[in-house]
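Have a look at the structure below before the remarks.
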Amino acid sequence: MAVLEVTESRAERARRGESARSEIVAAALGGGHHVVLGPPGSGRSRVALEVMAALCEAGTEDVLLLAPTRRAAARLRDGLAALLPVTVGRVLVRTPASFAFSLLRSRAALLGESAPSLLTGADQDATLTEMLAGHAAGYGRDPRWPESVPREALELATFRHELRDVLMRAAEAGWDGEELQWRGARLGRPEWEACGRVLQEYEEITRLGETTPDRGRRYDAATILDEAVLALRRWEEDLPDHPRPRLRAVIHDDYQDATLATARLLDVLAGDGARLVLLGDPDIAVQTFRGAVPALLDRATAAPGGALAGLDWDGFLTAGEGGGTRGHGGARGVGARPTDPAAPSPAGEVGARLHVLPVVWRGDERLRAVVRRAASGLPALGDVTRRRAPAVSVAEDSDVTVAVLRSVPEQARAIARSLREHHLRAGTDWSSMAVLVRSSGQVPALRRGLRMGGVPVATAQGEVPLRLEPAVRPLLQALDLVATAWPPAPSPQEALKDAQKDALKDAQKDAQKDAQQEAPPNSSPEPDPAVAPDAAPGAAPVVDRLSDLLLSPLGGMDAVGLRALRRWLRTRERAEGGRRPSGALLVEAVGDPTVVADAPTRLREPVRRLSRVLAAGTNAVREGEGVELTLWALWDACGLARVWRGRALGSGPQAERADGDLDAVLALFLAAESFVTQREGATLTTFLAALESQEFAPDSLTASASRDAVEVITVASAAGREWDVVVVAGLQEEVWPDLRLRARLLDPLGISDVAAGRGATPPRPLEARRSVLQDEQRLLACAVSRARRHLLLTAVQDTETRPSGFLDLLDPREEAGEPRPLTPVPPALDLRGLVAHLRRRTLAQSDARERRRAEAAGELLADLAARGVPGADPAQWWGHAEDSTRAPLWGEEDLVGVSPSALTRLDQCALRWALETAGGGSGSSTASEVGTLVHAIAADLPRGSHEELLAALEQGWPTLGLGTAWPDRLQYTSAQAMVDLLAQYLAAVPGRVDVEEEIDVVIGRAHLRGRVDRVEHLDDGAVRIVDLKTGKSRVSAEDAAHHPQLAAYQAAVEAGAFGGVPGGARLVHLAGGKSPGLRDQPAPGTDGWTTRLVQESAQRMAASSFLATTGPHCGVCPLKGSCPARPEGAPTLGSSEGNR
1 MAVLEVTESR AERARRGESA RSEIVAAALG GGHHVVLGPP GSGRSRVALE VMAALCEAGT
61 EDVLLLAPTR RAAARLRDGL AALLPVTVGR VLVRTPASFA FSLLRSRAAL LGESAPSLLT
121 GADQDATLTE MLAGHAAGYG RDPRWPESVP REALELATFR HELRDVLMRA AEAGWDGEEL
181 QWRGARLGRP EWEACGRVLQ EYEEITRLGE TTPDRGRRYD AATILDEAVL ALRRWEEDLP
241 DHPRPRLRAV IHDDYQDATL ATARLLDVLA GDGARLVLLG DPDIAVQTFR GAVPALLDRA
301 TAAPGGALAG LDWDGFLTAG EGGGTRGHGG ARGVGARPTD PAAPSPAGEV GARLHVLPVV
361 WRGDERLRAV VRRAASGLPA LGDVTRRRAP AVSVAEDSDV TVAVLRSVPE QARAIARSLR
421 EHHLRAGTDW SSMAVLVRSS GQVPALRRGL RMGGVPVATA QGEVPLRLEP AVRPLLQALD
481 LVATAWPPAP SPQEALKDAQ KDALKDAQKD AQKDAQQEAP PNSSPEPDPA VAPDAAPGAA
541 PVVDRLSDLL LSPLGGMDAV GLRALRRWLR TRERAEGGRR PSGALLVEAV GDPTVVADAP
601 TRLREPVRRL SRVLAAGTNA VREGEGVELT LWALWDACGL ARVWRGRALG SGPQAERADG
661 DLDAVLALFL AAESFVTQRE GATLTTFLAA LESQEFAPDS LTASASRDAV EVITVASAAG
721 REWDVVVVAG LQEEVWPDLR LRARLLDPLG ISDVAAGRGA TPPRPLEARR SVLQDEQRLL
781 ACAVSRARRH LLLTAVQDTE TRPSGFLDLL DPREEAGEPR PLTPVPPALD LRGLVAHLRR
841 RTLAQSDARE RRRAEAAGEL LADLAARGVP GADPAQWWGH AEDSTRAPLW GEEDLVGVSP
901 SALTRLDQCA LRWALETAGG GSGSSTASEV GTLVHAIAAD LPRGSHEELL AALEQGWPTL
961 GLGTAWPDRL QYTSAQAMVD LLAQYLAAVP GRVDVEEEID VVIGRAHLRG RVDRVEHLDD
1021 GAVRIVDLKT GKSRVSAEDA AHHPQLAAYQ AAVEAGAFGG VPGGARLVHL AGGKSPGLRD
1081 QPAPGTDGWT TRLVQESAQR MAASSFLATT GPHCGVCPLK GSCPARPEGA PTLGSSEGNR
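Rendered as structure tokens:
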């Protein structure tokens, strides 16, 4: 028997969808409670807006449209404004927390109380930081942490985050501190008991902040909903003369992301007569990590007062057994405590009528098939027929593409190429495309890669705490400085000097001369904390902070310039007979920029800029200005607003960076405004302390200028939105899905499990991972459902990474189990990529067809070359151009600049020396920066004790910008070991010593210039030159005898440097051993070999060609790719014979 397949036309599907939507809207307007299920793109939000608009147009008062997040609420607000013919004079769209806060604020006004305030996540984190620090110091209520919680974990930010998560989950379950302890004790969870004691203290601290007459109550986002429930239930008791606020209708879109606390609030509103319309799809919940319960949609259809509905580990609704009463909540006052500690939170059962939207308006069947596969296997949590809803579009004109790349950078290049193709060939706006990733940690690298690929990227907001924003950090450092330590108080010596300057001028000079005769020239006097902060532990942070500020945009200096400035100040000080260390001189220069009036411009201007900024802030503090005006004084004085605005109006990565920096500064001023508003008597120090303790990005809905750019965002941020082109990136193992079991120490998710009825005992790892996998799959379903026309799925496959099973779920293959073939990335769709493609075509001439293509490619290249496109002219191709010059680097009559440190590299390999002199090399590394710091410590403390040297290391370490990861800790341990050996050496070499002395002598053609670490004056009047080495490799004693760098130093002494005769030279190795490695070079004899070496080296440096010399040093050479003596550098010889 033949089977007749009946299919619908596009028009028929559209009519069916419109009819179903109209029926649902009519049913919702008719009364009762309703649940509307529908897959992504089925028009759920449209139904919510139409119901809301119809109620408003009918004149129905007291209606409310809810969304789970503020950004979703803002989008609904815009959509409602477009539907309503007139402006409504009240807020109709809110989040549950916003509605609860408005209700509590109205209640406070009626009671004559001060307006309440809402605590942000950052505020909570700051409070918990202070509480845990107090516990460690013996203050507050002892939580009595069990042995399962290591004491060292209490100081970690990750522990604090998990603790905050426990408190949030408990609040959402309706448990206060007392009930959390009660349940923990009866369920055998001692960690919950300890958290309950912390929660009790947290609640007391929060209430304590409300005791002042000018401050209202403070609520956090988790507890504010239950506080609103309690306020409604006690309304008649507290406000008998004012009617209890009631709503006629409440519509909640994206209800799959609602929490149990939201369900309890809706229960109360429904009990007061509000009809509920709840819309969502459990398959695309993205807020489960914040306590969302997707099963609430299904629970809402259960009859109120019936058997409790709980969730097993698969997320299906199951009948609860006994357990508790509705509306429990312990001491919070929501209801009575249940007798069963494992009883779930009975909330959300309203007996709603179920509706299912039958069609999908977004995309076509090809895209719908991907979304269905993404949701396959997930618990139904309601009518599963929603997953079978077809797309209205019957034509399959979309495309779903899979790309497997060999590396993360190549993934970014492939994505950039695809987006440019859609923009250039299809005319798709940049703003109609988005790249979605699982977590925010993947965003920065992708953003950088897309920018490099010529894709404009939208400015990211709120990814890191304010204090870590590069544009904000310097302003906070300057604010901290003017609030606590600027300007530094003059020392008693300086005050005396000012008071008796004229009378004691000559006496001071005499005393200074006497002191110089009695003490070594570079020994330091007794340090004064104000004058020499880098020599006194108590004031060292002033110098550190000044150095940081000079290196920040406020100063605009780099690390090389900062060291040059300190050298210039030290040289000037010595010329005037002073002995103060460079840190004290730096403080003086910033406080009085006339000190650097004679310095080179590159050293003078950063000091002047920073001085202006600090002076403006100091004046504001002196005049008693508050946080906002002092911050404005600093910002206005720095002049960066004009600079960054000019850059932001341009294009390219610099424009995007400037745009983001301006947004961050604006967020800082908004944070200051909010802080001052919420805290009477706010000071600079309390504001700084609050920001410094924050571990979360600030909550902000600051409007930013929209621009035609691609968004790179997480799936959670993309929920509720859609784009023509969507890229879902990073579908590889251990990235997506991420099946790590997080927050296992305190188990905050276990609280949600108990509250939802999923079990009271900790789940087995397999069950827990299954639950995590389901949440990861919901994120995936949400991500792929954002595309209207084109969907690109990408993953990385290399020796350590492979595509995840999610890629096979979305794109099943017959060759299951076999590695996916790598996707070739075509040339970039820009002029550079076009030139590269055409050049390859000119080289392929194996047959007549390819020769014709090669000729055509050559003609196109000629046309591009005539238009000035770089790389199109064969004369610019590598290996085809003649030598640009064969002239020597210096003329016959010129002096050749010679650096002693360069002679060793020249001796090893002249080509490497030439390339590095021209700017080649790998740049500075962490190890070299650590070495620079050790050298600076040795220069500042030439007679320092072991304790002083270690203190200087600790004070200077933050300037390197390293973190607390184990590689960074290893670097610090290495630096400590070097300082230990340095202390041993300094203690073993008494007598007069000069540090950081300059060499500037002429020896034949060589103009020998440089700086030596130490000049040690020996008892016989000779001088010994010492060079400190912080590298791991040590020179042998045999090689040291003819070491070129040491020989150059001795030649300089022979030529008159340092006013003495050569007494030898020495390398002091500070790494790679238990004692300093001393390698001595004897004083030169009468044969003049050191002078000859310098002169011959100058001749080699002045040549027109340089020889590549192979040897052991090649293994660590950063220029192997440019060396013709190495296989890696073979292309440098050119492609044609004779161009060697």
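Residue 1 is where the sequence shown starts when you use UniProt numbering, and the numbers rise one by one after that.
C-beta: ideal position from N, C-alpha, C; glycine also.
In terms of residues, what are the limits of the alpha helix (DSSP H) holding P606? It spans T601 to R622 - the alpha helix (DSSP H) in which P606 sits, taken as one unbroken run.
Extent of the continuous beta strand (DSSP E) run through S117: That run of the beta strand (DSSP E) goes S117 to L119.
Spell out the partners DSSP gives I713 in its beta bridges. Partner(s): L436.
Taking only the alpha-carbon atoms, compute the straight-line gap between L436 and I415 and give it to the nearest angstrom. So the two alpha carbons sit approximately 11 Å from each other.
Residue range of the unbroken beta strand (DSSP E) whose run includes A787: Here the beta strand (DSSP E) through A787 covers A787 to V796.
In whole angstroms, what is the alpha-carbon distance linking T129 and D661? If I take the Cα positions, the gap works out to 28 Å.
Any 3 or more C-beta pairs closer than 8 Å across the region 75-85 and the region 264-273: No, the region 75-85 does not touch the region 264-273.
Closest by CA to Q845, which one among V835, A857 and R473? Per the Cα distances, A857.
Quick one: any contact between the region 709-727 and the region 634-653, if contact means 3 or more CB pairs under 8 Å? Judged by pairs of C-beta atoms under 8 Å, the region 709-727 does not touch the region 634-653, as fewer than three such pairs exist.
Spatial neighbours of V63 within its chain, please: CB distance less than 8 Å, with the 5 preceding and 5 following residues excluded, ordered by chain position. Excluding positions up to five away in sequence, the list reads M52, L55, C56, L92, L247, R248, A249, V250 and I251.
Using three-state DSSP, classify K1120 as helix, strand or coil. Note: K1120 maps to helix in three-state DSSP.
Can you tell me which residues form a DSSP beta bridge with Q1081? Looking at the DSSP assignment, Q1081 forms a beta bridge with A1065.
Mark E321 as exposed unless 16 or more other C-beta atoms lie within 10 angstroms of its C-beta, in which case mark it buried. Residue confidence for E321 is low, a pLDDT of 31 falling below 50, so the modelled location carries little weight; the figure read from the coordinates is stated next. Taking every protein chain shown into account, the CB of E321 has fewer than 16 other CB atoms within 10 angstroms, so this residue is exposed.
Given this structure, state the Cα-to-Cα distance separating E997 from A729, to the nearest angstrom. Rounded to whole angstroms, E997 to A729 spans 56 Å at the Cα level.
Tell whether a beta-carbon distance below 8 Å holds between R612 and G555. Between R612 and G555, the C-beta gap is not smaller than 8 Å, which leaves the two residues out of contact.
Look at P96 and L66 and say whether their C-beta atoms are less than 8 Å apart. In this structure, L66 lies closer than 8 Å to P96 by Cβ.
What residue range does the alpha helix (DSSP H) around G561 cover? Following the DSSP letters along the chain, one finds G561 inside the alpha helix (DSSP H) bounded by residues A559 to A575.
Pull up the distance between the alpha-carbon of D506 and that of R580, whole angstroms please. At D506, the pLDDT of 41 sits below 50, so the modelled position is not reliable; the number obtained from the coordinates is stated separately. Near 20 Å, if we compare the C-alpha coordinates of R580 and D506.
Could you please give me the residues that DSSP links to G280 through a beta bridge? Answer is L37, bridged to G280.
Burial state of Y139, where buried means 16 or more other Cβ atoms lie within 10 Å: By the neighbour-count rule (16 or more Cβ atoms within 10 Å), Y139 is not buried but exposed.
Determine the extent of the beta strand (DSSP E) in which H355 is found, giving its start and end residues. Counting along the chain, the beta strand (DSSP E) containing H355 begins and ends at R353 to V356.
Tell whether a beta-carbon distance below 8 Å holds between V286 and A719. Yes, the pair counts as a contact, with Cβ atoms nearer than the cut-off.
Runs of 4 residues minimum, wholly inside the region 33-87: which ones carry the alpha helix (DSSP H) assignment? Scanning the region 33-87 from its first residue to its last, the whole alpha helix (DSSP H) runs of 4-plus residues come out as 44-57 and 70-83.
Closest by CA to I1003, which one among T1090, A1040, L1046 and G453? Nearest of T1090, A1040, L1046 and G453 to I1003, Cα basis: T1090.
Going by DSSP, what residue range makes up the alpha helix (DSSP H) through W736? Where W736 is concerned, there is no enclosing alpha helix (DSSP H), given that its DSSP letter is neither H nor E.
Taking D176 as the reference, give the member of A194, R16 and H161 with the closest Cα. Comparing Cα-Cα distances from D176 to each of A194, R16 and H161, the minimum goes to A194.
What's the C-alpha gap between Q732 and R15? Cα to Cα, Q732 sits roughly 41 Å from R15.
Take Q500 and list the residues in its own chain whose beta-carbon comes closer than 8 Å to its own, dropping the five residues that flank it on each side. Note that Q500 scores 39 on pLDDT, short of 50, meaning its location in the model is unreliable; the coordinates nonetheless yield the value given after this. Nothing listed; no residue qualifies.
For R778, which option in A875, R1079, R372 and L834 has the closest C-alpha, if you only look at C-alpha atoms? Among A875, R1079, R372 and L834, the Cα nearest to that of R778 is on R372.
Assuming A222 and E172 make a contact with CB atoms under 8 Å, what is their CB distance in whole Å? That belief holds up - the Cβ atoms of A222 and E172 are roughly 6 Å apart, short of 8 Å.
Given this structure, state the Cα-to-Cα distance separating G1115 from E469, to the nearest angstrom. Near 39 Å, if we compare the C-alpha coordinates of E469 and G1115.
Pair every Cβ in the region 1091-1098 with every Cβ in the region 1107-1122, then say whether three or more of these pairs are closer than 8 Å. Result no; under three Cβ-Cβ pairs closer than 8 Å.
Please identify the residue among A258, P240 and V149 whose C-alpha is closest to the C-alpha of A295. Out of A258, P240 and V149, A258 has the C-alpha closest to the C-alpha of A295.
Run of the alpha helix (DSSP H) containing G646, from where it starts to where it stops: G646 -> alpha helix (DSSP H) spans L640 to A648.
In the DSSP assignment, find the unbroken beta strand (DSSP E) run with A471 in it and report its ends. Bounds of any beta strand (DSSP E) do not take in A471, whose DSSP letter is neither H nor E.
List the whole-angstrom C-beta distance separating A938 from L1028, where the pair is believed to meet the contact cut-off of C-beta under 8 Å. With 8 Å as the limit, A938 and L1028 qualify as a contact, their Cβ atoms being about 6 Å apart.
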